[in-house]
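The structure appears below as structure tokens.
Numbering (my numbering), first residue to last: -7 to 239.
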């Protein structure tokens, strides 16, 4: 994507576009009933009607503003809302998304503290043709634990992701390229926190709109934060979220 003019050499480093998934039914439930949300939420919700529109608007915007040879990969989590958002990009850009299990939302695929396996390999293959599915997605699903992930576990996981992305910025095949990562609100807060060397519960905290996109350019193992949470592609202002309403 080329949304910026930069004095930096565009042929070096890796541009990483972090994008929060489009609006899900859980987002609406939480916005409408914050107190009762934990008992209302689905472990793997669909997008809302507005969410489908947001995903389409995002994908069209990227196609219209983008140098296609620059984008090498689209990554997403295995959660349904992330897969659906990535599918809109697949249709517009002609790039098959790669599922990275490590990008899932903090606490995982869960209802209250109970874990759910998520979509199976067959379900993803049938619903999302062309997606690159890792071995960790099995016939039984991918979030294969009985309980939910703790926030502390999610914070540790965010370090693994950020360390991997920084190393990718040094790899020859990614020089001058961009990748798009479709992930989740609280996990994006953790990731950008890692970029800023923040402690888990430290400040600042970051809240992202659905389909808001942020650019971090990794050059020589160091990050340059160009912008956070741009939403000019949306025809209608997305929901404003309560504190803690990040999923």
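A virtual CB, placed ideally from N, CA and C, is assigned to each residue, including glycine.
Being a predicted model, the structure only gives us computed values, none of them experimental.
For a quick check, are the C-beta atoms of residue i and residue j less than 8 Å apart?
{"i": "residue 35", "j": "residue 101", "result": "yes"}
{"i": "residue 46", "j": "residue 226", "result": "yes"}
{"i": "residue 153", "j": "residue 91", "result": "no"}
{"i": "residue 10", "j": "residue 229", "result": "no"}
{"i": "residue 17", "j": "residue 166", "result": "no"}
{"i": "residue 202", "j": "residue 43", "result": "yes"}
{"i": "residue 174", "j": "residue 77", "result": "yes"}
{"i": "residue 53", "j": "residue 79", "result": "no"}
{"i": "residue 140", "j": "residue 169", "result": "no"}
Just the C-alpha distance for residue i and residue j, rounded to the nearest angstrom, thanks.
{"i": "residue 164", "j": "residue 211", "result": "12 Å"}
{"i": "residue -3", "j": "residue 218", "result": "Unreliable positioning characterises residue -3 in this predicted model, as indicated by a pLDDT of 47, which lies under 50. The coordinate reading is nonetheless provided below. Going by the C-alpha atoms only, they are around 11 Å apart."}
{"i": "residue 97", "j": "residue 3", "result": "32 Å"}
{"i": "residue 237", "j": "residue 176", "result": "With a pLDDT of 47 at residue 237, under the threshold of 50, the modelled position of this residue cannot be trusted; read the value that follows with caution. Straight-line Cα distance between these residues: approximately 11 Å."}
{"i": "residue 156", "j": "residue 28", "result": "37 Å"}
{"i": "residue 126", "j": "residue 192", "result": "29 Å"}
{"i": "residue 200", "j": "residue 143", "result": "18 Å"}
{"i": "residue 20", "j": "residue 194", "result": "27 Å"}
{"i": "residue 185", "j": "residue 196", "result": "8 Å"}
{"i": "residue 112", "j": "residue 118", "result": "10 Å"}
{"i": "residue 183", "j": "residue 135", "result": "20 Å"}
Starting from residue i, trace the alpha helix (DSSP H) both ways and give me its first and last residue.
{"i": "residue 76", "result": "72 to 85"}
{"i": "residue 45", "result": "41 to 56"}
{"i": "residue 115", "result": "113 to 119"}
Could you please give the first and the last residue of the uninterrupted beta strand (DSSP E) stretch that includes residue i?
{"i": "residue 220", "result": "214 to 222"}
{"i": "residue 10", "result": "6 to 12"}
{"i": "residue 171", "result": "169 to 175"}
{"i": "residue 210", "result": "205 to 211"}
Could you tell me which of the options sits nearest to residue i, measuring between CA atoms?
{"i": "residue 215", "options": "130, 97, 206 and 47", "result": "206"}
{"i": "residue 245", "options": "188, 116, 144 and 44", "result": "Because the chain is modelled from -7 through 239, residue 245 falls outside the range shown and cannot be assessed."}
{"i": "residue 209", "options": "110, 187 and 193", "result": "187"}
{"i": "residue 15", "options": "62, 55, 75 and 53", "result": "75"}
{"i": "residue 241", "options": "12, 30 and 37", "result": "Residue numbering for the chain in the displayed model covers -7 to 239; residue 241 lies beyond these limits and cannot be assessed."}
{"i": "residue 71", "options": "8, 55 and 93", "result": "93"}
{"i": "residue 146", "options": "196, 95, 136 and 122", "result": "95"}
{"i": "residue 137", "options": "52, 221, 23 and 107", "result": "107"}
{"i": "residue 249", "options": "88, 51 and 131", "result": "Because the chain in this structure spans residues -7 to 239, residue 249 falls outside the shown range and cannot be described."}
(message) Please give the ranges of any alpha helix (DSSP H) in the segment 136 to 162, keeping only runs that are unbroken, at least 4 residues long and fully inside the region.
(response) 143 to 160
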